[in-house]
Every structure is written in C-alpha cells, then in structure tokens.
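Chemist: Okay, handing you the structure first.
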Amino acid sequence: MGSVGAKEVPVLLTPDGKRIDGRHLDDLREIKIVAGALHQADGSAYVEWGANKVMAAVYGPREVHPRHLQQNNKAIVQCKYNMAAFSVDERKRPGLDRRSQEISKVIAEAFESVIFVEEYPRTSIDVYIEVLQANAGTRCAGVVAASVALADAGIPMVDLLPSVAVGKVAGQIVLDLKKEEDNFGEADMPMALVPQSGRLVLLQMEGHMTADELGRSLDLGVKGCRAIYEKMKQALRDRYETGAGPAAGVAQ
Amino acid sequence: MSNEVTAEILGTHILDLAREGRRLDGRGLDEYRAVSIEHGFVASADGSALARIGHSAVVCGVKLEPGKPFPDTPNAGVLTTNAELVPLSNPTFEPGPPHPRAIEVSRVIDRAIRAAEAIDLKKLCVTPGEKTWVCYVDVHVIDHSGNLIDTGSLAALAALTHATLPAKRFGIGEDSPLAVQHFPVETTFARLGDAIVVDPSFDEELACQGRLTIATDEAANVVAMQKGLVGAFSPEDVKSLAERAFRHGDRMRKLAIGG
Amino acid sequence: MVRVIPLSGRYIPKPSDVVVGTVTDVQTTFWLLDIGAPRWAPLHMTGTPWKMDVGETGQYLHVGDTVVVQIENLDATGRIGVTMLGDGLGKVDGGTVITLSPAKVPRLIGRSGSMIQMLTQKTDCRIAVGQNGRIWVDGTSDGIERVREAIRLIEEEGQRPGLTERIAGYLGSTQGTSGPLAPTPGPARPPFEPPGPIEPGDDEDDAGPGPF
C-alpha cells in the first residue's frame, strides 16, 4: 500500500472490468506446482505462480537446533521464509529482515495448526521457503509450496494448506493480486485455508476495507483457495503416478 | 527456562469456563480488562504514554528527528515502529536478539498506523528529496500479562496524538503538534473452544486455539489484520469479530485520544 | 548483609514441603517437575506408587500433568529430590491450579488449618495447598471460582488483620452464587470426600483419606 510515493499510478482496472493483465476480478494467475523438486530435502516442491518462482523444502522430523527449543511432548515447526537478493527489481539486502521473520512466524503457526505435531516429540520439522523471483503473493506461493513439500515428506497433516491473497483494487475486490495491484491497490489480504474444516489458519490484512468488503473478500479468498487446493492435489498425484525424480519438474 | 510448560489442567479449566461463558478473572467473553492510559509519561520523548490493560503495561515513546527521505518517496516523512519485549516483562523472556513475537508485535502495530495513514507523512517533509522528519515509535513492553498488541497499539496511538514536532530544537522553525489525521486501534481476540474472547490474558493466550487481531479506524474501516498462534478461524468468525472490533475500537480510541 | 522476608518472590524449597508441580520432561527413569523453584525437580520412578521398568515412565506421567509431591532432600548441588510416596501425594486429574505468592501460603492455611478448612467446607471443593504457592482446586466451576476469589483476597490483603473474617464474610455472602461472577446454576454434583492431609497442621490426625 505504498501509495505515498511519487510514482505514477497505472490503470489497474479498465472500464469493462479487466485487470492490468487482462484477468477478470476473480481469476487466478497461472499456477504450476511440482512436488518433489529437490534431491537433498525430505520433501520439496516448486511453485510458479504468475511471475513468482518459489522453492520449498522440508527437513524432519529431526533433532532440534538450538536444543533449548525442544518441546518434550510434541514436534516444533520452524519456518524460514527468505527472499533471494535478486528476486526483486531493486536488489534486496540478503539476510533476515523483520518482514521475513514475521512471515516465517505466521507460516510456522499456520502449519503447526494442521500438522500432527504430538506424533514426534522432541523433534523439529523445518520448513524452508526460498523466493527466487517475486511478484506479489510470495508468502501465499510459499505456503502452497511448503504444504506440498510437507506432504511430499510424508508429514501427517489434517489437510493441505491452499493459500491466496485477496485485495481491493480501484474499489473492487479482486483475487490474487500481482505486483502493480499490490503496490497501488487499496488493500491486500493474504490467507490460508484448511479445506477440510473451512477455517483459516493464516490471515493478514493491510489497507482499507469496510465490513461488507471484508466479508466479500473472505468469501472470494475461500473460493480461490479451493481452486488452488485441486492443483495441489493434482501435483501430488502426478508425483506419485509418474514417480518423477528430484528436480524433474523444475526444468520442464 | 524458555521452555514454557503450563499445567494442562489450567488450560482445560479455561476452556471449561469459556464453555459456560465465563473467564478466570470473572470477565464476560466480550469484556476488556481495566484499561488506563497516562499521557506524557516520559518527559524526554516528543510524545509518550503508559498504557495498561489489566496487568499488561506498555510505555510508548515517540521521537522525531530530521533525516533523509526514502528515494522512492521524496515528499514523504519516514515512520518506523519498533517493539521491545524486554526481559523484565516476563519470566519466559530472555536477553538477546528480538524474538519473532516481538517482531510480530512491532509489525502489527506498525501496519495499523501505516495502513490507516494515521500520520500525514507528507506534512513531515521539510525539503523534498533532502530533508524530512523521521518519526520513531518505540513500544516498550514492561509487564506482559497478555494482549500486548492491543496494549502496545493503544500506547502508540496515545503517544502519537499528543506528540510535538520539536522543530525549535533542530532549528527548523517553531514547534507544532504532530499531524495525526486517523486513529487506528487494534482489537485482539482468542479462540477458547467454540467461544471467542476479546482481550486474552496471558493464561488465555497460552490455552487458546488461535488469536486474531483486527485494527479499525474511526471511519469504520478495517485497516489491518493478523492471525497469530496455532489455531484457526472460519470466515464467518472473522466477519462477526470485525463487528465486535468496531465496537471495542470506538471505546478504546476515545481512551487513547483522551484529554 | 540484607535478608528480606519477601511478600512475593520465588519459592525456595525446604525438606518435607508439599508442593504442586507440572511435569516438564519425561526421561527413562525420572520426570522433571516445574515446582516454581529455582530449578526443575527430578521425580524418580522409584518415588512413585507405580511399578515400572526403565523406559516406561512415559506411560504414567506426561508433559503438562499436574502432581502433588513432597520435597525429600536438597543436595549441595542444588538438586531438589521429590517423592510421590505419602498421604495426599499423587497425580491429580481435573480441577485447576491457582497460584499465590509462596510467602502468603501460611495465610491461606490459617491457624491450625482454619482458613483452608473453611474454604473447603464453604465451597465444596477439594483443595491441595502446595507450599510453593500453587494450589490445586477441584469442584464445580462455581466453587473453583469462589476459591480463586478468596485466594485473590488473601494475595492482596494477606498482611492486613481480620483476614479470616473478611474471607468468611465473602464466602458467606456469596454462598450458592458465584460471587463477582455471573451466577450459573449448574447441575448439582455430589459433595467430595474430605480433603487429604496435604497440609501438616495441628489437626492433621483427624483428616480423612487422601483424595488420590
């Protein structure tokens, strides 16, 4: 919502209701999900979502480092969301910034809400998300990738975790913002849904929405999550059926 | 001991009570603890407040200093919010680099102030592209007895609304009040079984199955949200909590702006 | 040198104290308990009424369980040995734990156990008082919340004279209701057997069988 700046605001919505890339208000960008994309990890996935490219890897359950974080009655879920220096237009200083740490925290809590952590006391389930190319919605792409990676690692979960952002652009509620819409829109609301229960385990929002707009955004987001859910299941089916080896998907 | 283990029967009892519509401290499910705000608590700050919600206490100090604007926003001031959960505030906190929960508190408070456009950043500009006011909002948690986000945001809003632009000190003219144009307030809820309570205490936060913060402004907009901790909320929950947040927000806003 | 008899502060264990603790870790031959002391206290498997083999500790107590134990010994390294063998000791189920400054525990017990007896009788709750300021209470949620309110009064006004009368006044005036809480007429529950002799008092000989 960095609209304070001097940059020129592009036309985000044409009079006939088309978005900057030609999508309708409730269209998702194109999404490609590959389960099992890395060799070393216990589970992994690669997601291309619009112009986002995100890799996720899962290690664990394994010994907890640092050790004092160990929980004696359950596994802890640790997440590290990281943006590569070259993933954005202006080089990002490498390393953990506060934004990344906050996103890591809410993603870890979202996954702990669906993983059967009590099955692995004293261990850690480590989820790594690397954003290689960013174009708004990277945390959602990261959650989708990490969720498929967790399934790929055989971690028992209540359900997969589809995720998408809804926002307000030129006064309209739209699904799955791309960069210009995120930068110049009026609100951004990323969420992650547990399809089985219909509940949200990740929900953030920034901008301006009335109660009515908030309600419609939630409904649209749930719809979007359910569509993404089908793609996630298909990616796991493809992995299982083809038995595709590591990294097979990335180069496709 | 950073390994927090709480008696399971305490959590069970909290959930049992919530099922009957009751809470450990005798509050109703939709009732805040006692809220108090002391404006101008720190004389060395340009704006400050001590906010208490129940036993939680947060001091916020606002400092304004001249600095350089960001290259992509040459006409706007700079706002930074930082929250520190100092080790004196809770037995489970340890010295060291900021814990993710402190970063979360900072960012959620910052998000509401920023998204609501509480401060007219353009009015902080002194010389476009060269000189601007930098507004530091430092939130210092001194007693953590639950619901730090609401306590911190209340302290921040109270400190900002009474802050002075110390122009004289830096030879940039006469002092003037900081231009606060919108008044965001955070309202935090926690799920306890099927019940959702407002203003969770420390024990309730440990026992809860999900926390949701909704920031509202004076014009009935939701300006920020943050779901935290392990647990989940349905879209219908969120819709009804937004209505509750508007109601609580109006009351808190009056307290923060105060006299 | 300064030695303050504190009105608040951490619990410093003494041999033969009965304390209420939370299981924080399960090892192959012992559990670690958080009793609010400077260090966690190990409870060895031989200090329990259960017969078990090495490695079976996890079948009896889990992390987060609440137990009533007694301080057995303190060694020079600061290790706090506790036992669960004895009247009124054991694992508790149900109820809740209410905390009080350890320094105020004598006020909660009262002279010859008078205060705790009154609380027990007037609220129909089972109460186990830990010298570490952790009080286990079980009963109707109404009864538990009345005990909580009484303990809060002791915490806040424990130094002032006339405490027993004030607590009696509170309990008397609120009997059958929930005091400051909304009255919730719940289903009648059978009265509990008398509380166990958790507290060594002058009249502990006439206490009934332990609650465990």
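Residue numbers (the numbering used here), protein chains in the order written: chain Y, -7 to 244; chain F, 3 to 261; chain G, 155 to 366. Every residue gets a Cβ at the ideal spot worked out from N, C-alpha and C, and that includes glycine.
What does V235(F) reach in chain Y if we use C-beta pairs closer than 9 angstroms?
Modeler: For this step, residue 235(F) is matched to residue 233 along the second sequence. Rather than Val, the amino acid found at residue 235(F) in this sequence is Phe. Contact note: F235(F) reaches chain Y through R191, L192, V193 and L195, using a C-beta cutoff of 9 angstroms and chain order.
Chemist: Could you pull the DSSP bridge partners for W194(G) from this structure?
Modeler: Position 40 of the third sequence, counted from the start, is the residue given in the question as residue 194(G). According to DSSP, which records beta bridges pairwise, W194(G) is partnered with nothing at all.
Chemist: Would a check of beta-carbon distances place L214(F) closer than 8 angstroms to chain G?
Modeler: Translated into the one-based positions of the second sequence, residue 214(F) becomes position 212. It does not: the Cβ of L214(F) has no partner Cβ on chain G nearer than 8 angstroms.
Chemist: Any chance you could list the beta strand (DSSP E) runs of at least 3 consecutive residues sitting entirely within the stretch 36 to 70 of chain F, in chain order?
Modeler: 37 to 41, 49 to 55 and 58 to 69
Chemist: May I have the straight-line CA-CA distance separating V139(F) from K125(F), to the nearest angstrom?
Modeler: What you label residue 139(F) is simply residue 137 of the second sequence in a count that begins at 1. What you label residue 125(F) is simply residue 123 of the second sequence in a count that begins at 1. If you take the alpha carbons of V139(F) and K125(F), they lie about 17 angstroms apart.
Chemist: Closer than 7 angstroms, Cβ to Cβ, to anything on chain F: give me those residues from the stretch 198 to 211 of chain Y, in chain order.
Modeler: E198, G199, H200, M201, T202, A203, L206, G207, L210 and D211
Chemist: Rounded to a whole number of angstroms, what is the C-alpha to C-alpha distance between G131(F) and I121(F)?
Modeler: Numbered from 1 along the second sequence, position 129 holds the residue referred to as residue 131(F). Numbered from 1 along the second sequence, position 119 holds the residue referred to as residue 121(F). When rounded, the distance between both Cα atoms is 19 angstroms.
Chemist: Do you know whose CA, among S108(F), V143(F) and T134(F), lies nearest P73(F)'s CA?
Modeler: Mapped onto the second sequence, residue 73(F) falls at position 71. For the residues S108(F), V143(F) and T134(F), the minimum Cα distance to P73(F) belongs to T134(F).
Chemist: Does L12(F) come within less than 8 angstroms of chain Y when only Cβ atoms are used?
Modeler: For this step, residue 12(F) is matched to residue 10 along the second sequence. For L12(F), the answer is no, since every Cβ of chain Y falls outside 8 angstroms of its Cβ.
Chemist: Could you tell me which residues DSSP puts in a beta bridge with I117(Y)?
Modeler: Against the first sequence, residue 117(Y) aligns to sequence position 125. I117(Y) is bridged to V69(Y).
Chemist: For L19(F), collect the residues of the same chain with a Cβ closer than 7 angstroms to its Cβ; drop the 5 residues on either side in sequence, then sort them by chain order.
Modeler: In the second sequence, residue 19(F) corresponds to position 17, counting from 1. The answer, listed in chain order, is R25 and L26.
Chemist: In chain F, what lies closer than 9 angstroms to K160(Y) by C-beta?
Modeler: Mapped onto the first sequence, residue 160(Y) falls at position 168. Per Cβ cutoff of 9 angstroms: no residues; K160(Y) is ~11 angstroms from chain F at best.
Chemist: Look up I121(F) in the DSSP assignment and give the residues it is bridged to.
Modeler: On the second sequence, residue 121(F) is found 119 positions in, with the first residue counted as 1. Per DSSP, V182(F).
Chemist: Grab the span of the alpha helix (DSSP H) containing G28(F) for me, first residue to last.
Modeler: As a first step, residue 28(F) must be located in the second sequence, where it is residue number 26. That residue, G28(F), is in no alpha helix (DSSP H); it is neither H nor E in DSSP.
Chemist: Examine chain G for any beta-carbon lying closer than 8 angstroms to the beta-carbon of N5(F), and answer yes or no.
Modeler: The sequence position of residue 5(F) within the second sequence is 3, counting from 1. Its pLDDT being 49, under 50, N5(F) is placed unreliably by the model, and nothing is read from it.
Chemist: As a quick exercise: from L262(G), G297(G) and Q271(G), pick the residue whose alpha carbon is nearest that of L317(G).
Modeler: Here residue 317(G) refers to the residue found at position 163 of the third sequence. L317(G) has its Cα closest to that of L262(G), out of L262(G), G297(G) and Q271(G).
Chemist: So does D81(Y) have its beta carbon nearer than 7 angstroms to some heavy atom of the ligand SAH?
Modeler: Of ligands this structure carries none, so the ligand SAH is not represented either.
Chemist: For G244(G), which residues does DSSP report across the bridge?
Modeler: Indexing the third sequence from 1 puts residue 244(G) at position 90. Looking at the DSSP assignment, G244(G) forms a beta bridge with V222(G).
Chemist: Taking just the CA atoms, how far does L194(F) sit from L195(Y)?
Modeler: Position 203 of the first sequence, counting from 1, holds the residue named residue 195(Y). Position 192 of the second sequence, counting from 1, holds the residue named residue 194(F). L195(Y) and L194(F) have their C-alpha atoms spaced approximately 18 angstroms apart.
Chemist: Using the beta-carbon count (16 or more within 10 Å), is V7(F) buried or exposed?
Modeler: Working through the second sequence from its first residue, we reach residue 7(F) at position 5. Buried.
Chemist: Give me, in chain order, the residues of the same chain whose beta-carbon lies closer than 6 angstroms to that of T83(F); leave out the 5 immediate sequence neighbours on both sides.
Modeler: Position 81 of the second sequence, counting from 1, holds the residue named residue 83(F). Answer for T83(F): S108, I111, D112 and V139, listed in chain order.
Chemist: Looking at C-alpha atoms only, which residue of P192(G), V223(G), N227(G) and R233(G) is the closest neighbour of K245(G)?
Modeler: As a first step, residue 245(G) is located in the third sequence; it is residue number 91 there, counting from the start. The shortest Cα separation from K245(G) among P192(G), V223(G), N227(G) and R233(G) belongs to V223(G).
Chemist: Below 7 angstroms on C-beta distance, what does V180(G) contact in chain Y?
Modeler: Within the third sequence, residue 180(G) is the residue found at index 26, counting from 1. The answer, in chain order, is N64.
Chemist: Going by other Cβ atoms of all chains shown within 10 Å of its Cβ, with 16 needed for buried, is E188(F) buried or exposed?
Modeler: Looking up residue 188(F) in the second sequence gives position 186. Per the 10 Å Cβ criterion, buried.
Chemist: Find the residues of chain F that neighbour Q93(Y), judging by a C-beta separation of less than 9 angstroms, and give them in chain order.
Modeler: The residue you call residue 93(Y) lines up with position 101 of the first sequence. Those within 9 angstroms of Q93(Y) in chain F are P100, P102, I105, E106 and R109.
Chemist: So, for L243(F): in the same chain, excluding its five sequence neighbours on each side, which residues have a beta-carbon less than 7 angstroms away from its beta-carbon?
Modeler: Mapped onto the second sequence, residue 243(F) falls at position 241. The residues are F191, I198, L214 and I216.
Chemist: Taking the alpha carbon of C71(Y) as the reference point, which residue from S92(Y), P86(Y) and A77(Y) has its own alpha carbon closest?
Modeler: The count along the first sequence starts at 1 and reaches residue 71(Y) at position 79. Checked all of S92(Y), P86(Y) and A77(Y); the closest Cα to C71(Y) is S92(Y).
Chemist: Counting C-beta neighbours from all protein chains within 10 Å, is the total for V156(G) 16 or more, i.e. buried, or is it exposed?
Modeler: Position 2 of the third sequence holds residue 156(G). With fewer than 16 other Cβ atoms within 10 Å, it is exposed.
Chemist: Using the beta-carbon of each residue, which ones in chain F are nearer than 7 angstroms to D219(G)?
Modeler: In the third sequence, the residue the question calls residue 219(G) occupies position 65. Going along chain F in sequence order, the residues near D219(G) (Cβ under 7 angstroms) are E10.
Chemist: Using 8 angstroms as the threshold, is the C-beta distance between K171(Y) and A128(Y) below it?
Modeler: Start at 1 with the first residue of the first sequence, and residue 171(Y) comes out as number 179. Start at 1 with the first residue of the first sequence, and residue 128(Y) comes out as number 136. Yes, the pair counts as a contact, with Cβ atoms nearer than the cut-off.
Chemist: Can you give me the Cβ contacts of I151(F) inside the same chain, cut-off strictly under 7 angstroms, excluding the 5 residues immediately before and after it?
Modeler: As a position in the second sequence, residue 151(F) is number 149, starting the count at 1. The answer, listed in chain order, is V107, V110, I111, E188, T190 and T215.
Chemist: Does any CB atom of chain Y fall closer than 8 angstroms to the CB of A222(F)?
Modeler: The residue labelled residue 222(F) in the question sits at position 220 within the second sequence. Output row for A222(F): interface = yes.
Chemist: Looking at chain F, is there any beta carbon in it that lies within less than 8 angstroms of the beta carbon of V251(G)?
Modeler: The residue given as residue 251(G) occupies position 97 in the third sequence. For V251(G), the answer is yes, since a Cβ of chain F falls inside 8 angstroms of its Cβ.
Chemist: With H, G and I counted as helix, E and B as strand and the rest as coil, what does DSSP make of G333(G)?
Modeler: Here residue 333(G) corresponds to residue number 179 of the third sequence, with the count starting at 1. Its pLDDT being 40, under 50, G333(G) is placed unreliably in this model, and the coordinates cannot settle the point.
Chemist: I need the DSSP call for D171(G), collapsed to helix, strand or coil.
Modeler: Counting from one through the third sequence, the residue named residue 171(G) turns up at place 17. Correct three-state label for D171(G): coil.
Chemist: Do I25(Y) and K215(Y) have their C-beta atoms within less than 8 angstroms of each other?
Modeler: Here the question's residue 25(Y) lines up with position 33 in the first sequence. Here the question's residue 215(Y) lines up with position 223 in the first sequence. If you check the CB distance, I25(Y) and K215(Y) do not come in under 8 angstroms.
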